[in-house]
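Chemist:
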Amino acid sequence: MRTASRFVIVIIFLGVVLGGIFGYKFYEFGKMQEMFSQPQPPAIISVTDATTENWQPSIKAVGSVEAINGIEVANEVPGVIESINFESGDTVQKGDVLIRMDAAIDEAALRTRRAEAQLAEQEFKRVSDLLPKRAVSQSQYDESKANYDAARARVNEAEAQLSKKVIRAPFDGTLGIRMVDQGQYIATGTPIVEINMLHPIYVDYTLSEKYLAEIDRGYPVAVTVAAVKDEEFTGEVSAINTSVNPETRTVRIRATLDNQDGKLRPGMFATIQTGQPRDNEVVTVPRTAISYNTYGNFVFIVENNDDGELIVSRRSVTTGEVRNERAAVLSGLEAGETVVAKGLLRLRAGQRVEIQDESGQEASE
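Under the UniProt record's numbering, think of the first position of the sequence shown as 1, with each following residue one higher.
#1: Round the Cβ separation of residue 88 and residue 178 to the nearest angstrom and send it over; I've been treating them as touching at under 8 Å.
#2: In this structure, what does DSSP give as the bridge partners for residue 149?
#3: Three or more C-beta pairs closer than 8 Å, one from the segment 69-78 and one from the segment 186-193: is that the case here?
#4: Apart from the five residues just before and just after residue 287, which ones in its own chain have a Cβ nearer than 8 Å to its Cβ?
#5: Just mark residue 106 as buried or exposed, buried being the case when its beta carbon has 16 or more other beta carbons within 10 Å.
#6: Name the residue from 122, 167 and 289 whose alpha carbon lies nearest to the alpha carbon of residue 100.
#7: Can a CB atom of chain C be found closer than 8 Å to the CB of residue 202?
#8: With H, G and I counted as helix, E and B as strand and the rest as coil, what does DSSP make of residue 60?
#9: How many angstroms separate the CA atom of residue 144 from the CA atom of residue 163?
#10: Answer yes if the segment 216-229 comes into contact with the segment 194-202, meaning at least three C-beta pairs across the two stretches below 8 Å, and no otherwise.
#11: Could you spell out where the alpha helix (DSSP H) holding residue 112 opens and where it closes?
#12: Using the beta-carbon count (16 or more within 10 Å), is residue 13 buried or exposed?
#13: Identify the continuous beta strand (DSSP E) that holds residue 205 and give its terminal residues.
#14: Using the C-alpha atoms, what's the distance from residue 330 back to residue 297?
#15: DSSP beta-bridge partners for residue 185?
#16: For residue 194, count the other beta carbons within 10 Å of its own beta carbon; 16 or more makes it buried, fewer makes it exposed. Which is it?
#17: Between residue 253 and residue 47, which are expected to be in contact by the criterion C-beta below 8 Å, what is the C-beta distance as a whole number of angstroms?
#18: Assign residue 364 to one of three DSSP states: helix, strand, or coil.
#19: Residue 348: buried (16+ other C-beta within 10 angstroms of its C-beta) or exposed?
#20: So residue 312 packs on residue 351, CB below 8 Å; how close in whole Å?
#21: What separation, rounded to the nearest whole angstrom, lies between the Cα atoms of residue 215 and residue 223?
#22: In angstroms, rounded to a whole number, what distance separates the CA positions of residue 102 and residue 159?
#23: Do residue 299 and residue 373 count as a contact pair if the criterion is CB distance below 8 Å?
#24: Are the CB atoms of residue 61 and residue 212 within a distance shorter than 8 Å?
#25: Residue range of the beta strand (DSSP E) that residue 229 falls in?
#26: Buried or exposed, going by whether 16 or more other CB atoms sit within 10 Å of the CB of residue 17?
#27: In whole angstroms, what separates the C-alpha of residue 266 from that of residue 175?
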């Protein structure tokens, strides 16, 4: 009997303990259901209105910055560098001396040619004086004159050869990094320094042949480069190629830009917007108000539900180009409609919202 009574007591004790545990869990589950059944608090959002703006239509392309004049200065004749008259990065004028090469042999040759020309000139003068007196024949006169002309030509040749020992700037421009050293022997065609004319400057790009009727010389262009952020360079179309590339069906365009401050450099990758001589009226919103998605772009519209509460609804839109952080909406949105300005990832269609004013406080409805 004692064993049976003990067993009954244990069973009763376990039942009380387990009942208490199950009761507490049931109470917690009820509280959780009550909490989840309560409506979620409205999300705090900032809003903006879709507005109408006049945008000049443009054609977007990519291209490269090119110098109007840009070369690697090289020598025409071999020699040893005697002096270097520039530093890397200097700004030079056309005709400024860049380097001088040792010209002792060429100077000696020039003196020889001049002496020969002087002797030929004296001989020609004597023959010229004797010809009227018939002391010399016409053939002697002709031969003397030919010798004199040849001697003068050899002098000119020696002077030209000597002048090639001095390398000058071929045009106004900015020098790059010096590639030779004083005392160095340089063979014909050795690069000495790069020189580029940076102001004004070209931007070359290509457009599809379908845009040929929409572009002409003098049309405005706006250029941006990665090296100069948040700055736009303006210019105009200065040339359009006369033929279309038969392989790519594109035409080459050249624009000329002011570059007085030298921020644009040859070889830079450029994004070009070629403007049109008219304005289009477009609906725009901040770029942050649009969710760009693989399956289509959308915005959240702020509106009232049947209970008069503010909610958001998702609407698909067709977007166009982006300018100054504002995106053009081609369809799906009307001017004056209120959209969520940012923070779209935490919203869902039909969610209640409250509008935050500019000071950061919740606006009263």
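The C-beta atom is built at its ideal place from N, Cα and C for all residues, glycine as well.
Modeler: Straight from the coordinates:
#1: Here residue 88 is taken as the residue at index 88 of the sequence shown, counted from 1. Here residue 178 is taken as the residue at index 178 of the sequence shown, counted from 1. At roughly 5 Å, the Cβ-Cβ gap stays under 8 Å, so residue 88 and residue 178 are in contact.
#2: Walking along the sequence shown from the start, residue 149 turns up at place 149. Answer is none; residue 149 lacks a bridge partner.
#3: Touching, yes.
#4: Counted from its first residue, the sequence shown places residue 287 at position 287. Beyond the five residues adjoining it in sequence on each side, residue 287 comes within less than 8 Å, by CB distance, of 322, 325, 326 and 327 in the same chain, given in chain order.
#5: Taking the sequence shown and counting its residues from 1, the one referred to as residue 106 is at position 106. Flag for residue 106 reads buried.
#6: Looking up residue 100 in the sequence shown gives position 100. Closest option to residue 100, Cα to Cα, is 167.
#7: In the structure shown, chain C cannot be found, because there is only a single protein chain.
#8: Residue mapping note: residue 60 aligns to position 60 of the sequence shown, counting from 1. Here residue 60 carries a strand assignment [DSSP, helix/strand/coil].
#9: On the sequence shown, residue 144 is found 144 positions in, with the first residue counted as 1. On the sequence shown, residue 163 is found 163 positions in, with the first residue counted as 1. Rounded to the nearest angstrom, the gap between the Cα atoms of residue 144 and residue 163 is 29 Å.
#10: No contact exists between the segment 194-202 and the segment 216-229.
#11: Translated into positions along the sequence shown, residue 112 becomes position 112. Residue range 104-130 is occupied by the alpha helix (DSSP H) that includes residue 112.
#12: The sequence position of residue 13 within the sequence shown is 13, counting from 1. In summary, residue 13 is exposed, with fewer than 16 beta-carbon neighbours lying within 10 Å of its beta-carbon over all protein chains present.
#13: The sequence position of residue 205 within the sequence shown is 205, counting from 1. Run containing residue 205: 201-208, per the beta strand (DSSP E) assignment.
#14: Within the sequence shown, residue 297 is the residue found at index 297, counting from 1. Within the sequence shown, residue 330 is the residue found at index 330, counting from 1. Taking the straight line from one Cα to the other gives about 12 Å.
#15: Here residue 185 refers to the residue found at position 185 when the sequence shown is read from its first residue. Paired residues: 80.
#16: Translated into the one-based positions of the sequence shown, residue 194 becomes position 194. By the neighbour-count criterion, in which 16 or more other beta carbons inside 10 Å mark a residue as buried, residue 194 falls on the buried side.
#17: Counted from its first residue, the sequence shown places residue 253 at position 253. Counted from its first residue, the sequence shown places residue 47 at position 47. In this structure residue 253 does not touch residue 47 by the C-beta definition: roughly 42 Å separates them, more than the 8 Å allowed.
#18: Taking the sequence shown and counting its residues from 1, the one referred to as residue 364 is at position 364. Confidence in residue 364 is poor, its pLDDT being 42 and thus under 50, which makes the residue's placement too unreliable to answer from.
#19: Indexing the sequence shown from 1 puts residue 348 at position 348. Sixteen is the threshold: since fewer than 16 other Cβ atoms of the shown chains lie within 10 Å of the Cβ of residue 348, the residue is exposed.
#20: Position 312 of the sequence shown holds residue 312. Position 351 of the sequence shown holds residue 351. Between residue 312 and residue 351 the beta-carbon gap is near 6 Å, inside 8 Å, which marks them as a contact.
#21: Translated into positions along the sequence shown, residue 215 becomes position 215. Translated into positions along the sequence shown, residue 223 becomes position 223. Roughly 16 Å separates the two Cα atoms.
#22: In the sequence shown, the residue the question calls residue 102 occupies position 102. In the sequence shown, the residue the question calls residue 159 occupies position 159. For residue 102 and residue 159, the distance between alpha carbons rounds to 15 Å.
#23: For residue 373 there is no data in the structure shown, the boundaries of the chain being 1 and 365.
#24: In the sequence shown, counting from the first residue as 1, residue 212 sits at position 212. In the sequence shown, counting from the first residue as 1, residue 61 sits at position 61. No.
#25: Start at 1 with the first residue of the sequence shown, and residue 229 comes out as number 229. Taken as a continuous stretch (DSSP letters only), the beta strand (DSSP E) holding residue 229 covers 228-240.
#26: Locating residue 17 in the sequence shown gives position 17, where the first residue counts as 1. Exposed: under 16 other Cβ atoms inside 10 Å.
#27: Here the question's residue 266 lines up with position 266 in the sequence shown. Here the question's residue 175 lines up with position 175 in the sequence shown. Their backbone Cα atoms lie some 13 Å apart in a straight line.
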